[in-house]
Ligand code: ADP
Ligand code: ASP
Ligand code: MG
């Protein structure tokens with residue numbers, strides 16, 4: 194008998210009929226002789242509505258209360274799914290994060306899972322109960338409700354699979370796997386049969402929302418093989434797993450985009466030791482992740498610094514940066530929310546040159562200006578004007594021969 198963890202995302206539980214569909218899939222897995230733990234998200238759109246309510250209530254909602262509010266979406270779906278399974282004659286029991294408990298740190302709205310207690314769940318599994326766990330939420334040591342960041346149910350699922358040493362971890366969503374780029378933008382994108390943890394980590398952190406970054410970090414750390422598949426068909430999906438020899442031969446595996454960052458520039462920063470620390474330390478203390486940073490060449494003792502932060506933290510970041518800029522007697526602070534980051538990702542890049550220049554050339558042929566660049570061993574990212582995002586993704590996907598027709602022709 195295997196222990197199977199299945200996670201169903203928002204679109205898969207968007208209404209009563211879809212929850213029934215999920216229940217049938219779960220029941221089939223159980224009938225096949227498996228122990229089953231299901232992790233569910235809120236109905237699609239619900240978390241967005243809750244976030245909007247919080248922002249309507251006040252400009253800077255209390256972080257603790259924000260989590261109390263946004264965690265409620267998942268409470269609805271665990272109860273409905275459990276009711277449905279029970280009405281079909283199965284033993285099922287819902288669990289909220291704090292009831293398991295899924296213990297996290299206290300970083301509200303982006304908490305990290307520290308420990309999962311398996312005692313109650315194991316007992317229930319032993320007596321044939323299907324466990325239905327609320328994704329996205331946990332509890333800190335003081336008993337406060339916490340949430341894991343947007344898309345966090347993926348992380349709940351992988352963490353549960355790692356914590357309970359599950360045999361299978363399946364992430365069911367509205368696409369049947371990880372594609373070479375977002376299939377909503379490029380319908381001709383190709384499904385990737387298997388992808389390494391490192392590439393998936395880059396794809397996720399660069400905007401491929403199909404898996405939350407932390408879920409991939411967890412999977413890598415604990416060696417959980419994650420199978421991404423569709424809840425609407427039975428197609429084989431994508432396996433996220435340890436790198437193997439076949440993967441190295443692919444130069445570029447995917448193209449991603451991220452419109453969720455904003456750019457902040459501080460002009461006329463006095464160019465002397467300690468300045469970067471004065472600018473960035475308060476941001477890190479506020480738990481704001483700074484992504485790309487560019488410092489211009491110094492001119493007469495002054496330089497300009499530009500960096501990007503998540504849009505969700507933008508207002509908070511701007512306030513902090515304006516204060517720091519005053520402290521160091523810098524010039525104006527400028528910001529731009531209409532940016533996008535497009536990236537190319539592939540482990541094959543490690544051993545090939547010319548990938549970055551091909552990217553720059555492709556963008557320039559379309560008249561797309563590059564505002565910032567960053568690279569790592571297995572990715573190149575460019576910040577561009579947000580209005581060119583779709584165009585950039587399409588031309589890059591084409592230039593690197595990733596569409597179905599190109600892959601088949603090889
Ligand atoms: P869920 O609600 O099931 O968690 P998400 O909306 O979080 O689903 O993630 C699935 C979506 O991710 C897809 O509908 C797709 O538009 C988007 N996506 C972005 N990049 C990719 C990619 N490279 N491969 C597959 N899907 C992607
Ligand atoms: N419901 C949460 C969100 O929308 C978590 C998730 O769907 O994974 O971000
Ligand atoms: Mg998701």
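In my numbering, the protein residues as written are 194 to 603. We put the beta carbon where it would ideally sit given N, CA and C, even for glycine.
Counting only runs of 3 or more residues that sit fully inside the region 307–338, the beta strand (DSSP E) segments are 323–327 and 330–332, in chain order. Membership of residue 434 in the beta strand (DSSP E) is indicated by the continuous run 431–434.
At a Cβ-Cβ threshold of 7 Å, residue 333 and residue 340 do not count as neighbours. When the alpha-carbon of residue 355 is set against those of 503, 255, 439 and 230, the nearest one is in 230. For residue 491, no alpha helix (DSSP H) encloses it, and the DSSP letter there is neither H nor E. For residue 444, same chain residues with a beta-carbon under 8 Å away, outside a window of 5 residues either side, are 539, 541, 542, 545, 548 and 593 in chain order. The criterion of a C-beta distance shorter than 7 Å is not satisfied by residue 257 and residue 320. Looking at the DSSP output, residue 450 shares a beta bridge with 535. A distance of 7 Å or more separates the beta carbons of residue 249 and residue 266. By the 16-neighbour rule on beta-carbons within 10 angstroms, residue 405 is buried. Per DSSP, residue 218 lies in no beta strand (DSSP E) segment; the continuous alpha helix (DSSP H) that holds it begins and ends at 209–224. Proximity of the beta carbon of residue 403 to the ligand ADP is indicated: a heavy atom of the ligand is located closer than 6 Å. Cβ atoms of residue 487 and residue 510 stay farther apart than 8 Å, at about 16 Å. Shortest Cα-Cα distance from residue 325 to any of 362, 372 and 273 involves 273.
Here residue 583 has 378 as same chain residues with Cβ atoms under 6 Å from its own Cβ, once five neighbours each way along the sequence are excluded. A straight line joining the alpha-carbon of residue 402 with that of residue 396 spans about 8 Å.
A straight-line Cα-Cα distance of about 18 Å links residue 415 and residue 387.
Residue pairing of residue 283 in beta bridges, as defined by DSSP: absent, with no partner found. The C-beta distance from residue 198 to residue 359 rounds to 4 Å, short enough to fall under 8 Å. Taking the C-beta atoms as reference points, residue 563 is found no nearer than 7 Å to residue 581. Under the three-state reduction of DSSP, residue 563 is assigned to coil, being neither helix nor strand. Residue 459 is a Cβ neighbour of residue 518, given a cutoff of 7 Å. Note that the C-beta distance between residue 293 and residue 223 is not below 7 Å. For residue 370, the shortest separation between its Cβ and any heavy atom of the ligand MG does not lie below 6 Å. Residue side-chain check: residue 240 keeps its Cβ at 6 Å or more from all non-hydrogen atoms of the ligand ADP.
With contact defined as three or more Cβ pairs closer than 8 Å, the region 206–224 and the region 308–319 are not in contact. Remark: three or more beta-carbon pairs, one from each stretch, lie closer than 8 Å, so the region 416–423 and the region 363–380 are flagged as touching. Measuring C-alpha to C-alpha distances from residue 588 to each of 535, 350 and 285 identifies 535 as the nearest. When DSSP states are grouped into helix, strand and coil, residue 196 belongs to the strand group. In terms of CA proximity to residue 235, 200 leads the group 252, 246 and 200. Secondary structure note for residue 586: its alpha helix (DSSP H) is the uninterrupted segment 582–592. Here DSSP, grouped into helix, strand and coil, assigns residue 545 to coil. Using a Cβ distance threshold of 7 Å, residue 331 and residue 297 count as a contacting pair. By the CB criterion at 7 Å, residue 409 and residue 394 fall inside the cutoff. Counting along the chain, residue 391 sits inside no beta strand (DSSP E); it lies in the alpha helix (DSSP H) bounded by residues 390–398. A distance criterion of 6 Å places the beta-carbon of residue 234 in contact range of the ligand ASP, judged by its closest non-hydrogen atom.
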